[in-house]
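Student: In the numbering used here, the protein residues as written are 313 to 427.
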């Protein structure tokens, strides 16, 4: 299982995309399959440029209880780099991380109180 803090989402093409606060560690991304013939050296070179989005293809709506800056657990299936991606606005330098088993960790009130 991997963990990330997410602060936004959008729904498109039958998937829910969650924006990761900051970036995931590089090692898990390189450990899992890179799509579109991306080489590991390319992924490393782009690392400081990219924003990360978790793509949950198992659901067409955000999970119940989503709130900004919540922590989620998930498994990584693969990832793809996109120079641009559509959202409410055009996104640039996106690492789209295909995930499964995404679940929220913790309680909203605990996150707000710092507990």
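All C-beta atoms, glycine included, are put in the ideal place defined by N, C-alpha and C. Only a predicted model underlies this, so the values are computations on that prediction, with no experimental measurement involved.
1. Opposite residue 336 in the DSSP bridges: which residues?
2. If distances are taken between C-alpha atoms only, which option among 389, 347 and 363 comes closest to residue 403?
3. Using DSSP with H/G/I as helix, E/B as strand and the rest coil, what is residue 362?
4. So residue 338 and residue 356 are in contact, right, with Cβ under 8 Å, and what is the actual spacing, rounded?
5. Using 8 Å as the threshold, is the segment 377-392 in touch with the segment 405-419, meaning 3 or more CB pairs across them?
6. Return helix, strand or coil for residue 330, following the three-state DSSP convention.
Tutor: Per the coordinate set shown:
1. On the chain shown, residue 336 is found 24 positions in, with the first residue counted as 1. Paired residues: none, contrary to the question.
2. Within the chain shown, residue 403 is the residue found at index 91, counting from 1. Considering only alpha carbons, the answer is 363.
3. Here residue 362 refers to the residue found at position 50 of the chain shown. Three-state result, residue 362: coil.
4. As a position in the chain shown, residue 338 is number 26, starting the count at 1. As a position in the chain shown, residue 356 is number 44, starting the count at 1. Contact flag correct, Cβ pair sits at about 7 Å.
5. Segment contact: the segment 377-392 against the segment 405-419, three or more CB-CB distances shorter than 8 Å; contact assigned.
6. Your numbering for residue 330 matches position 18 in the chain shown. Three-state DSSP puts residue 330 in a strand.
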